[in-house]
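What follows is a single structure, written as structure tokens, with notes after it.
Okay, here's the thing in structure tokens:
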């Protein structure tokens, strides 16, 4: 277990397969210990250490694994909280058993196997919690760094990375891509008339409307207050102009928060080997 901790402390990411192998090993250790006759002898010889203590750890451990399996398929904050709470339960049960085991191991070194199992469960439990929390925090930080907090769209930083990569790909493979830039007409009047809170809600609804109007391969970005960009891969200006007109019509025909009507103005350009991002 010291080696496992050292690997994590040194910054190496613990893989799912590694944790899976460690989980299986712990299951086998607990199962073999419960089947061993020595457990029953321990239960009869020492009144304050019963087989029920090991079964209690086994029960809590199985509950923790159940939540971990669910979390792998549905990473919600509710499941994360359950994992942490159940991990604390495992820790408390294991800690209690360790204290009892210390008394036994002082009298008979052959019982060290019991202590090894409990410590393995403790170490694995700690690693799992660290791994889950680390993955959750990393995922959220990465999302916040690349997405706009209001609309959930990609932000300006992501836009600059996307368009640079798209232009490089366009030049290398001689395929055009298109860029649509648009903003909301007279958006300041909306904020002044209805308030900034209403303006924010309209921006969120408008973002979803535009996202539903474009193709799945197209990417939309919020690059300013009411300014947006759409990158259209593998597409020249003829098709991208049609897409832009569809987006414009969908926004114009929609009614937003408080039945407010909104229009947008769009510009369309496509790439060529002679063009830079600024040219586009």
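Numbering (this note's numbering), first residue to last: 180 to 459. Idealized CB from N, CA, C, for every residue including glycine. Owing to the predicted nature of the structure, the values given are computational and were not obtained by experimental measurement.
Would you check if the distance between the CB atom of residue i and the CB atom of residue j is smaller than 9 Å?
| i | j | result |
| --- | --- | --- |
| residue 416 | residue 448 | yes |
| residue 367 | residue 330 | no |
| residue 362 | residue 407 | yes |
| residue 411 | residue 422 | yes |
| residue 429 | residue 392 | yes |
| residue 385 | residue 315 | no |
| residue 263 | residue 277 | no |
| residue 273 | residue 346 | no |
| residue 318 | residue 251 | no |
| residue 349 | residue 355 | yes |
Apart from the five residues just before and just after residue i, which ones in its own chain have a Cβ nearer than 6 Å to its Cβ?
| i | result |
| --- | --- |
| residue 140 | Residue 140 is absent from the structure shown; the chain starts at 180 and stops at 459. |
| residue 275 | none |
| residue 217 | Summary for residue 217: the model assigns pLDDT 48, below 50, so the residue's position carries little reliability, and this model does not support an answer. |
| residue 425 | 392 |
| residue 453 | none |
| residue 351 | none |
| residue 311 | 262 |
Kindly give me the distance between the Cβ atoms of residue i and residue j, rounded to whole angstroms, as I take these residues to be in contact under 8 Å.
| i | j | result |
| --- | --- | --- |
| residue 388 | residue 437 | Going by Cβ atoms, the distance from residue 388 to residue 437 rounds to 16 Å, so no, they are not a contact pair. |
| residue 239 | residue 268 | 5 Å |
| residue 243 | residue 265 | 4 Å |
| residue 236 | residue 342 | At roughly 55 Å, the Cβ-Cβ gap does not stay under 8 Å, so residue 236 and residue 342 are not in contact. |
Name the DSSP beta bridge partners of residue i, please?
| i | result |
| --- | --- |
| residue 401 | 407 |
| residue 259 | Answer is none; residue 259 lacks a bridge partner. |
| residue 440 | 434 |
| residue 358 | 410, 448 |
| residue 363 | 443 |
| residue 333 | 326, 400 |
Give me, in chain order, the residues of the same chain whose beta-carbon lies closer than 7 Å to that of residue i; leave out the 5 immediate sequence neighbours on both sides.
| i | result |
| --- | --- |
| residue 443 | 361, 362, 363, 364, 427, 430 |
| residue 441 | 363, 381, 385, 430, 435 |
| residue 419 | 357, 359, 411, 447, 449 |
| residue 405 | 362, 363, 366, 382 |
| residue 459 | 358, 448, 450 |
| residue 270 | 301, 304 |
Going along the chain, which residues of its own chain have a beta-carbon closer than 8 Å to the beta-carbon of residue i, five neighbours each way excluded?
| i | result |
| --- | --- |
| residue 439 | 369, 373, 377, 381 |
| residue 379 | 329 |
| residue 261 | 246 |
| residue 413 | 354, 355, 356, 396 |
| residue 390 | 332, 399 |
| residue 403 | 335, 362 |
| residue 324 | 336 |
Quick check: does the Cβ of residue i come within less than 8 Å of any heavy atom belonging to the ligand FAD?
| i | result |
| --- | --- |
| residue 245 | Ligands are entirely absent from the displayed structure, and the ligand FAD is therefore not among its contents. |
Q. Using 8 Å as the threshold, is the stretch 328 to 337 in touch with the stretch 302 to 317, meaning 3 or more CB pairs across them?
A. no
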